[in-house]
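Here the structure is laid out as structure tokens; the discussion comes afterwards.
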Amino acid sequence: MPKQILIIDDEKIVCDMAQRILSQEGYEVEAFIDSTQALERIRGKKFDLVITDLKMENVDGMDILKEVNQRYPDTKVIMLTAYATLDAAIEAIRERIFDFFPKPVKIEDLKRSVKKALGF
Amino acid sequence: MTIRNRIIIAVVIQAAIICLICVFVYLSFNTVLSKLGVIEIIDDLNISLLEVRKSEKNYFLYGDVNALKEVVERGEEIDTVIQSSKADILKSLGPGTFNTLLSNLNKYLDMAREVLATKKTPVKFEEEFRNLGHELTRLSEVLLKRERRDVNRIISTSITRLIASLGMVLLFQLVVWQYFSHFLIKELAIMGNLIQMVSQGKLHEVAKQTFSPKNEIDYAIKALADMARELEKREAVLLQSEKLASLGILISGVAHELGNPLNNISLIAQGYLGLYDILGDGEKKNFMADVLTQTERISRIINNLLDFSRQKKQELREYEPEDIVERSIALVSNQIKISNVKLHKFLQPDLPHVYVDAPQIEQVLINLLINAIQAMPAGGDLTIDVGQDMTNGNLVVKVKDTGAGITKEDLPHVFDPFFTTKGTKGTGLGLSVSYGIIQQHHGDIAVESEEGKGTTFTVKIPIYQPKEREGDAQADIDH
Numbered sequence: 150m151p152k153q154i155l156i157i158d159d160e161k162i163v164c165d166m167a168q169r170i171l172s173q174e175g176y177e178v179e180a181f182i183d184s185t186q187a188l189e190r191i192r193g194k195k196f197d198l199v200i201t202d203l204k205m206e207n208v209d210g211m212d213i214l215k216e217v218n219q220r221y222p223d224t225k226v227i228m229l230t231a232y233a234t235l236d237a238a239i240e241a242i243r244e245r246i247f248d249f250f251p252k253p254v255k256i257e258d259l260k261r262s263v264k265k266a267l268g269f
Numbered sequence: 005m006t007i008r009n010r011i012i013i014a015v016v017i018q019a020a021i022i023c024l025i026c027v028f029v030y031l032s033f034n035t036v037l038s039k040l041g042v043i044e045i046i047d048d049l050n051i052s053l054l055e056v057r058k059s060e061k062n063y064f065l066y067g068d069v070n071a072l073k074e075v076v077e078r079g080e081e082i083d084t085v086i087q088s089s090k091a092d093i094l095k096s097l098g099p100g101t102f103n104t105l106l107s108n109l110n111k112y113l114d115m116a117r118e119v120l121a122t123k124k125t126p127v128k129f130e131e132e133f134r135n136l137g138h139e140l141t142r143l144s145e146v147l148l149k150r151e152r153r154d155v156n157r158i159i160s161t162s163i164t165r166l167i168a169s170l171g172m173v174l175l176f177q178l179v180v181w182q183y184f185s186h187f188l189i190k191e192l193a194i195m196g197n198l199i200q201m202v203s204q205g206k207l208h209e210v211a212k213q214t215f216s217p218k219n220e221i222d223y224a225i226k227a228l229a230d231m232a233r234e235l236e237k238r239e240a241v242l243l244q245s246e247k248l249a250s251l252g253i254l255i256s257g258v259a260h261e262l263g264n265p266l267n268n269i270s271l272i273a274q275g276y277l278g279l280y281d282i283l284g285d286g287e288k289k290n291f292m293a294d295v296l297t298q299t300e301r302i303s304r305i306i307n308n309l310l311d312f313s314r315q316k317k318q319e320l321r322e323y324e325p326e327d328i329v330e331r332s333i334a335l336v337s338n339q340i341k342i343s344n345v346k347l348h349k350f351l352q353p354d355l356p357h358v359y360v361d362a363p364q365i366e367q368v369l370i371n372l373l374i375n376a377i378q379a380m381p382a383g384g385d386l387t388i389d390v391g392q393d394m395t396n397g398n399l400v401v402k403v404k405d406t407g408a409g410i411t412k413e414d415l416p417h418v419f420d421p422f423f424t425t426k427g428t429k430g431t432g433l434g435l436s437v438s439y440g441i442i443q444q445h446h447g448d449i450a451v452e453s454e455e456g457k458g459t460t461f462t463v464k465i466p467i468y469q470p471k472e473r474e475g476d477a478q479a480d481i482d483h
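Note that the protein sequences, when read in sequence, are chains A and B.
Quick note on numbering: the first sequence equals residues 150 to 269 in the numbering used here.
Quick note on numbering: the second sequence equals residues 5 to 483 in the numbering used here.
So, in structure tokens, the structure goes:
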């Protein structure tokens, strides 16, 4: 069964592109522009990996990270952000984050990180 | 003409009038004095004649020859007096009467001398002699009466003329006073209006007063206009420097905001290259279209910032308050995103239009929003509430934070220039400039704060009332 990946970013292009590229790699990918809907989805389904943006309207990346950690301790979280500050990185690390990418993201790096997160 | 010259002219004219009056009075007194001299002589003459007549009477009553001698002696004295005062008496009596007087006197004396010499009294001597004597006293009395009448006439005309001249001086004074008060009051009123306009911040109206000064007050007005021009320049510099300070804060947010579209372009390019072989033509086209959208997004972000940074002349126009508020929020939205602040926006629907300089009002709102965000470093709620004042319909914008609040000691000083609680991070000009901008818009800005709970800034701006505004503008021109 292919690994389940959830992508959350309020930038549609990030969702589309990541979904497309990771699907190409053989993963089963769901993408949400609306983080509130994504949170609902997490509550209903376990994913192997969640890739989320940090700064989003309403529910932000840190909320998603906390929710995932609480519900599914073995689900990995990769965080992307255009607002990469040291404070944000430290907070993310404290919440057991798997990887942290400042935008612009290199697809090859992301693919490598995803592979690592899913144990290949 | 300068006021100094006007005053000099008025004083000179007045002095000239007074001098003329003095000369006239002097001449009148002189005439009266000479007349009085003549009267004295004539009076003496009159008394002497009466004495002569008394002696004449004694002669006829008692036949005393000595009395007749007295008549001749006194008569000769009278003749001497008449000869010595001939000019004055001639002027008063005229040559006809004067000659009659003189010839009568001589005839009278000749008759007396003849009687004394011959010691004989001719027939009808008494009657003729008495008649002549009587005629002499009559003439002398006529002379006295005329002279007295002349003096009275001269004095009364002098009084009339003096009163008339005093009246003229007073009238002239009144005219001069009226002229100066009217002229000075008019000029001072112009200056007063301009000073008031400076205090109301209508520097531009005052600065555009250009005219060539003609008097001292004009020079003062010109100096005032020059001052307003300088103030206007300085105000523009202050406004701009404050804006640049806000811009410095905004720029970190904008730099971050650029991260997303740049990441998108990067992702598209990487996807395009990585998936090149499997992408259809349509997809490739879409990829490029997306790149264009993202570059447009970047230039919009940069243009917003440039727009805000640009120095513009104040320009009042009709605006929808929603637009101004939304544009202000857009510029600080990244600040909000990178902080832990949550924005709550309440916009009353169908707000009335305002007549403002939108970039300036945006500057005020951005200032208040940045202050609010900076007041909540650990996060909090930022509320912007846009509504209307129930009493007068004015637009009311409330910017509320849940930060540390302002201490009671600091609160009265927040609008003072160079007052800051941000240490070296603040210029202390933000709220002072905001205050100035709102004042210029005939509005009001106020602050309420509670330590530990937060701060609320309230901005009130008059709503757009076309007719009233036009009247205002007209009144300004009239000044």
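The beta carbon of each residue, even a glycine, is placed where N, CA and C say it ideally should be.
Owing to the predicted nature of the structure, the values given are computational and were not obtained by experimental measurement.
- request: Spell out whether any CB of chain A is found under 8 Å from the CB atom of Glu234 of chain B.
  value: Along the second sequence, one-based indexing puts residue 234 of chain B at 230. Taking Cβ atoms only, chain A never reaches closer than 8 Å to Glu234 of chain B, which makes this a no.
query: Would Phe33 of chain B be called buried (16 or more neighbouring beta carbons within 10 Å of its own) or exposed?
result: Taking the second sequence and counting its residues from 1, one reaches residue 33 of chain B at position 29. Exposed: under 16 other Cβ atoms inside 10 Å.
task: Measure from the C-beta of Gln274 of chain B to each C-beta in chain A and report whether the shortest distance is under 8 Å.
output: The count along the second sequence starts at 1 and reaches residue 274 of chain B at position 270. Chain A contact via Cβ: present.
message: If distances are taken between C-alpha atoms only, which option among B:Leu373, B:Pro363, B:Val358, B:Gly263 comes closest to Lys464 of chain B?
response: By one-based count along the second sequence, residue 464 of chain B stands at place 460. The shortest Cα separation from Lys464 of chain B among B:Leu373, B:Pro363, B:Val358, B:Gly263 belongs to B:Val358.
query: Should the stretch 15 to 32 of chain B be regarded as contacting the stretch 47 to 59 of chain B, the criterion being three or more beta carbon pairs within less than 8 Å?
result: no
message: Looking at the strands, I want to know which residues DSSP matches up with Ala180 of chain A.
response: Start at 1 with the first residue of the first sequence, and residue 180 of chain A comes out as number 31. Ala180 of chain A is bridged to A:Ile156.
- prompt: Going by Cα to Cα distance, which pick from B:Asn103, B:Gly79, B:Ile158, B:Ile272 is closest to Lys255 of chain A?
  reply: Sequence index remark: in the first sequence, residue 255 of chain A carries index 106 (1-based). Here the closest residue by C-alpha is B:Ile272.
message: Quick check on the DSSP output: the alpha helix (DSSP H) that includes Phe187 of chain B runs from which residue to which?
response: Position 183 of the second sequence, counting from 1, holds the residue named residue 187 of chain B. Where Phe187 of chain B is concerned, the enclosing alpha helix (DSSP H) stretches over 129 to 203.
query: So with Cβ pairs under 8 Å, would you call Ala238 of chain A a contact of chain B?
result: Translated into the one-based positions of the first sequence, residue 238 of chain A becomes position 89. No, Ala238 of chain A lies away from the interface with chain B (no Cβ there is under 8 Å from its Cβ).
field: For Gln392 of chain B, the residue or residues it bridges with in DSSP
entry: Within the second sequence, the letter at position 388 stands for residue 392 of chain B. Note: Gln392 of chain B sits in a beta bridge opposite B:Leu399.
query: Does the Cβ of Asn207 of chain A have 16 or more other Cβ atoms within 10 Å, making it buried, or fewer, making it exposed?
result: As a first step, residue 207 of chain A must be located in the first sequence, where it is residue number 58. Asn207 of chain A is exposed by the Cβ-count criterion.
- request: Grab me the residues of Gln177 of chain B's own chain with a C-beta within less than 8 Å of its C-beta, minus the 5 sequence neighbours each way, in chain order.
  value: One-based indexing of the second sequence puts residue 177 of chain B at position 173. The residues are Gln18.
task: Count the other CB atoms, across all protein chains shown, that sit within 10 Å of the CB of His260 of chain B; report buried if there are 16 or more and exposed otherwise.
output: As a first step, residue 260 of chain B is located in the second sequence; it is residue number 256 there, counting from the start. The residue in question, His260 of chain B, is buried, as its Cβ has 16 or more Cβ neighbours within 10 Å.
- prompt: Counting contacts by CB-CB distance shorter than 8 Å, is Asp294 of chain B in contact with chain A?
  reply: By one-based count along the second sequence, residue 294 of chain B stands at place 290. Yes, because at least one Cβ of chain A sits closer than 8 Å to the Cβ of Asp294 of chain B.
- request: Determine, using beta carbons only, whether Lys252 of chain A comes closer than 8 Å to chain B.
  value: In the first sequence, residue 252 of chain A corresponds to position 103, counting from 1. For Lys252 of chain A, a Cβ of chain B is located within less than 8 Å of the residue's own Cβ.
message: Quick check on DSSP: helix, strand or coil for Leu359 of chain B?
response: Within the second sequence, the letter at position 355 stands for residue 359 of chain B. The displayed chain sequence assigns Tyr, not Leu, to residue 359 of chain B. Looking at Tyr359 of chain B - three-state DSSP - the assignment turns out to be strand.
query: On the premise that Thr214 of chain B lies in contact with Ala229 of chain B, defined as a C-beta separation below 8 Å, what is that separation, rounded to the nearest angstrom?
result: For the purposes of this step, residue 229 of chain B is taken as the residue at position 225 of the second sequence. For the purposes of this step, residue 214 of chain B is taken as the residue at position 210 of the second sequence. Indeed, because the Cβ distance is near 7 Å, the residues count as touching under 8 Å.
task: Drop a sphere of 10 angstroms on the beta-carbon of Ser332 of chain B, count the other beta-carbons inside from all chains shown, and report buried for 16 or more, exposed for fewer.
output: Counted from its first residue, the second sequence places residue 332 of chain B at position 328. Residue environment for Ser332 of chain B: buried (at least 16 other C-beta atoms within 10 angstroms of its C-beta).
- request: Measure the beta-carbon distance from Glu246 of chain B to Gly434 of chain B and round it to whole angstroms, keeping in mind my assumption that it falls under 8 Å.
  value: The residue given as residue 246 of chain B occupies position 242 in the second sequence. The residue given as residue 434 of chain B occupies position 430 in the second sequence. Confirmed, Cβ separation roughly 6 Å.
field: Residue span of the alpha helix (DSSP H) that contains Ile342 of chain B, given as start and end
entry: In the second sequence, the residue the question calls residue 342 of chain B occupies position 338. Start and end: 325 to 342.
message: Can you list, in chain order, the residues of its chain with a C-beta nearer than 6 Å to that of Pro356 of chain B? Leave out the 5 residues immediately preceding and following it.
response: What you label residue 356 of chain B is simply residue 352 of the second sequence in a count that begins at 1. Taken in chain order, the residues that qualify are Ile467.
message: Strictly by DSSP, which residues pair up with Arg10 of chain B?
response: Against the second sequence, residue 10 of chain B aligns to sequence position 6. Looking at the DSSP output, Arg10 of chain B bridges to nothing.
field: Burial state of Ile12 of chain B, where buried means 16 or more other Cβ atoms lie within 10 Å
entry: Sequence index remark: in the second sequence, residue 12 of chain B carries index 8 (1-based). Burial state of Ile12 of chain B is exposed, judged by a 10 Å Cβ sphere holding fewer than 16 other Cβ atoms.
task: Could you check how far apart the C-beta atoms of Lys457 of chain B and Gly397 of chain B are, in whole angstroms? I think they sit under 8 Å.
output: Translated into positions along the second sequence, residue 457 of chain B becomes position 453. Translated into positions along the second sequence, residue 397 of chain B becomes position 393. Between Gly397 of chain B and Lys457 of chain B the Cβ distance is about 30 Å, and since that is not below 8 Å, they are no contact.
field: Of the residues B:Gly391, B:Ile340, B:Gln364, the one placed nearest Glu373 of chain B, counting alpha carbons only
entry: On the second sequence, residue 373 of chain B is found 369 positions in, with the first residue counted as 1. Just to set this straight, residue 373 of chain B is Leu in the shown sequence, not Glu. Residue B:Ile340 is the option with its Cα nearest to Leu373 of chain B.
field: Coarse secondary structure for Phe422 of chain B, derived from DSSP in three states
entry: Residue numbering aside, residue 422 of chain B sits at position 418 when the second sequence is read from its first letter. Reduced to three states, the DSSP call for Phe422 of chain B is coil.
task: Would you mind giving the Cβ-Cβ distance between Met211 of chain A and Leu203 of chain A, rounded to the nearest angstrom? I have them listed as a contact below 8 Å.
output: Counting from one through the first sequence, the residue named residue 211 of chain A turns up at place 62. Counting from one through the first sequence, the residue named residue 203 of chain A turns up at place 54. Yes, Met211 of chain A and Leu203 of chain A are in contact; Cβ-Cβ is about 7 Å, under 8 Å.
task: Please name the residues in the stretch 326 to 353 of chain B whose beta-carbon is closer than 8 Å to at least one beta-carbon of chain A, in chain order.
output: Lys341, Ile342
task: Measure the CB-CB distance between Thr406 of chain B and Gly384 of chain B and report whether it falls below 8 Å.
output: Taking the second sequence and counting its residues from 1, one reaches residue 406 of chain B at position 402. Taking the second sequence and counting its residues from 1, one reaches residue 384 of chain B at position 380. Taking 8 Å as the Cβ cut-off, Thr406 of chain B and Gly384 of chain B qualify as a contacting pair.
message: Spatial neighbours of Ile159 of chain B within its chain, please: C-beta separation below 7 Å, excluding the five flanking residues on both sides.
response: Here residue 159 of chain B is taken as the residue at index 155 of the second sequence, counted from 1. Taken in chain order, the residues that qualify are Val36.
- request: Check Arg304 of chain B in the structure and name its three-state DSSP category.
  value: Residue 304 of chain B sits at position 300 when you count from the first residue of the second sequence. In the structure shown, Arg304 of chain B sits in a helix (DSSP, three-state: H, G or I).
message: Going by beta-carbon coordinates alone, are Val155 of chain B and Leu40 of chain B separated by less than 8 Å?
response: Taking the second sequence and counting its residues from 1, one reaches residue 155 of chain B at position 151. Taking the second sequence and counting its residues from 1, one reaches residue 40 of chain B at position 36. Cβ distance < 8 Å, so Val155 of chain B and Leu40 of chain B count as in contact.
Partners in chain A for Gly263 of chain B, counting only beta-carbon separations shorter than 9 Å: The sequence position of residue 263 of chain B within the second sequence is 259, counting from 1. Under the 9 Å cutoff, chain A gives Thr230, Ala231, Tyr232, Ala233, Pro251, Lys252, Pro253.
- request: Taking the CB atoms as reference points, tell me whether Met201 of chain B and Glu191 of chain B lie closer together than 8 Å.
  value: If you number the second sequence from 1, residue 201 of chain B lands on position 197. If you number the second sequence from 1, residue 191 of chain B lands on position 187. No, they are not a contact pair.
message: For Gln542 of chain B and Val336 of chain B, what's the separation of their Cα atoms in angstroms?
response: This structure gives no information on residue 542 of chain B, because the portion of chain B shown stretches from 5 to 483.
message: Is the separation between the beta-carbon of Ile449 of chain B and that of Phe461 of chain B shorter than 8 Å?
response: The residue given as residue 449 of chain B occupies position 445 in the second sequence. The residue given as residue 461 of chain B occupies position 457 in the second sequence. Going by C-beta atoms, Ile449 of chain B is nearer than 8 Å to Phe461 of chain B.
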